[in-house]
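In the numbering used here, the protein residues as written are 14 to 318.
Quick notes on the structure that follows.
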């Protein structure tokens with residue numbers, strides 16, 4: 014397991030009912046994959062990507078590039094930067110919990126990227142209260158959050174001492190499996206005998222163990238890094254300037270009297286906004302409904318070829 018990161022990626026507040034918990038997000042994953050950079054072998058300078066006209070093969074200047082959405086085959090609707098900017102969701106700096114669902118309701122298919130949620134500005138007690146309430150009721154929070162101008166659906170999941178905000182894929186991003194050539198469910202429909210099933214169960218039991226992520230490593234990365242270290246030790250190394258990362262942060266939120274807010278929220282029936290559409294997590298047909306409270310997924314990093 015990689016070391017935790019102290020770098021704050023986002024600041025804001027968890028909001029449910031009338032309760033606000035000031036929090037910060039930290040990355041829950043470490044990008045450990047290999048990233049091959051393009052270099053000019055004559056000078057060892059980094060090689061960038063040119064904007065090429067796919068028809069003429071000529072480079073296109075930034076000032077001549079517009080953005081468009083293909084409406085029909087070969088037909089595009091052009092959108093200005095102003096029109097695109099106006100469509101961005103309002104950055105509220107709030108993880109707005111819209112409902113609580115059973116921790117078994119959200120299939121693994123929907124999990125995309127996890128973040129650790131950490132209390133700030135004296136929010137520890139309310140944070141702990143929400144964490145313990147979720148654990149006791151075996152519920153997870155379904156919320157909306159805007160990160161870097163992009164709106165996300167997310168699940169707030171207790172995991173040990175930490176709350177994990179796991180970004181979710183939207184329902185229309187999950188493909189169904191109706192058109193896939195899959196064997197029918199059930200022993201009779203799949204022509205499976207009782208003997209075959211018992212042998213398969215025995216094999217599964219014999220190969221079963223406790224999950225330990227440290228036992229599994231990326232062998233390709235290990236071999237490449239071994240080669241890199243060998244070359245570096247012999248002096249076969251070149252200097253390349255790497256771009257700096259800019260850390261951004263924004264303001265937090267204040268906490269009011271907790272008991273009063275909880276009482277007021279209960280009187281309001283959870284404090285849901287009547288004008289705010291309810292959020293639901295649509296399952297694909299016969300989706301896998303394994304417990305998400307013990308697993309958080311991460312989106313893979315794009316690899317350079």
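By construction, the Cβ of each residue, glycine as well, lies at the ideal position given by its N, Cα and C atoms.
Please read all numbers here as calculations on a predicted model, not as lab measurements.
Using a 10 Å radius around the Cβ and a threshold of 16 neighbouring Cβ atoms, would you call residue 183 buried or exposed?
Label assigned to residue 183: exposed.
Cβ shell of residue 25 (< 6 Å), same chain only, five flanking positions each side left out
Excluding sequence neighbours, residue 25 sits near 106 and 107.
Taking the alpha-carbon positions, what's the residue 114 to residue 154 distance?
About 7 Å.
Straight-line Cα distance separating residue 181 from residue 158:
The straight-line gap from Cα to Cα measures roughly 11 Å.
Starting from residue 20, trace the alpha helix (DSSP H) in both directions and tell me its first and last residue.
Counting along the chain, residue 20 falls outside any alpha helix (DSSP H), and DSSP gives it neither H nor E.
Classify residue 60: buried if its beta carbon has 16 or more other beta carbons within 10 angstroms, exposed otherwise.
Exposed.
Using the beta-carbon count (16 or more within 10 Å), is residue 176 buried or exposed?
Buried is the call here.
Scan the stretch 53 to 135 and note each continuous alpha helix (DSSP H) run of 4 residues or more that stays entirely inside, going in chain order.
94 to 100, all fully within the stretch 53 to 135.
Would the stretch 68 to 79 and the stretch 116 to 132 be scored as touching if the rule is three or more Cβ pairs under 8 Å?
Short answer: they don't touch.
Can you tell me whether residue 201 is helix, strand or coil according to DSSP?
DSSP places residue 201 in coil when its eight states are reduced to three.
Work out the CA separation of residue 78 and residue 62 for me, nearest whole Å.
Each residue's alpha carbon lies about 15 Å from the other.
Given residue 88, which residues of its chain have a CB within under 7 Å of its CB, disregarding the five upstream and five downstream residues?
Taken in chain order, the list of residues that qualify is empty.
How is residue 151 classed by DSSP in three states: helix, strand or coil?
Three-state result, residue 151: coil.
Rounded Cβ spacing between residue 171 and residue 148 (contact assumed at less than 8 Å):
Taking a contact as a CB-CB distance under 8 Å, the pair residue 171 and residue 148 counts as one, their CB atoms being some 5 Å apart.
Residue 29 classed as buried or exposed, judged by whether at least 16 other C-beta atoms fall within 10 angstroms
Its Cβ being crowded by 16 or more others within 10 Å, residue 29 is buried.
Taking the alpha-carbon positions, what's the residue 243 to residue 39 distance?
Distance between the alpha carbons of residue 243 and residue 39: 34 Å.
Between which two residues does the beta strand (DSSP E) holding residue 216 run?
No beta strand (DSSP E) contains residue 216, which is instead part of the alpha helix (DSSP H) from 207 to 219.
Is residue 324 buried or exposed, if buried means 16 or more other CB atoms sit within 10 Å of its CB?
Limits of the chain in this structure are 14 at one end and 318 at the other, which puts residue 324 out of reach.
From 215, 166 and 85, pick the residue whose C-alpha is nearest to that of residue 186; which is it?
The residue from 215, 166 and 85 with its alpha-carbon nearest to that of residue 186 is 166.
Under 6 Å Cβ to Cβ from residue 248, same chain only, skipping five residues before and after it: list those, please.
Result list for residue 248: empty, nothing under 6 Å.
Could you work out which residue in 55, 35 and 226 is closest to residue 134 when comparing CA atoms only?
Residue 134 has its Cα closest to that of 35, out of 55, 35 and 226.
Just to confirm the assignment, what range does the beta strand (DSSP E) spanning residue 169 have?
Segment 163 to 172, the beta strand (DSSP E) holding residue 169.
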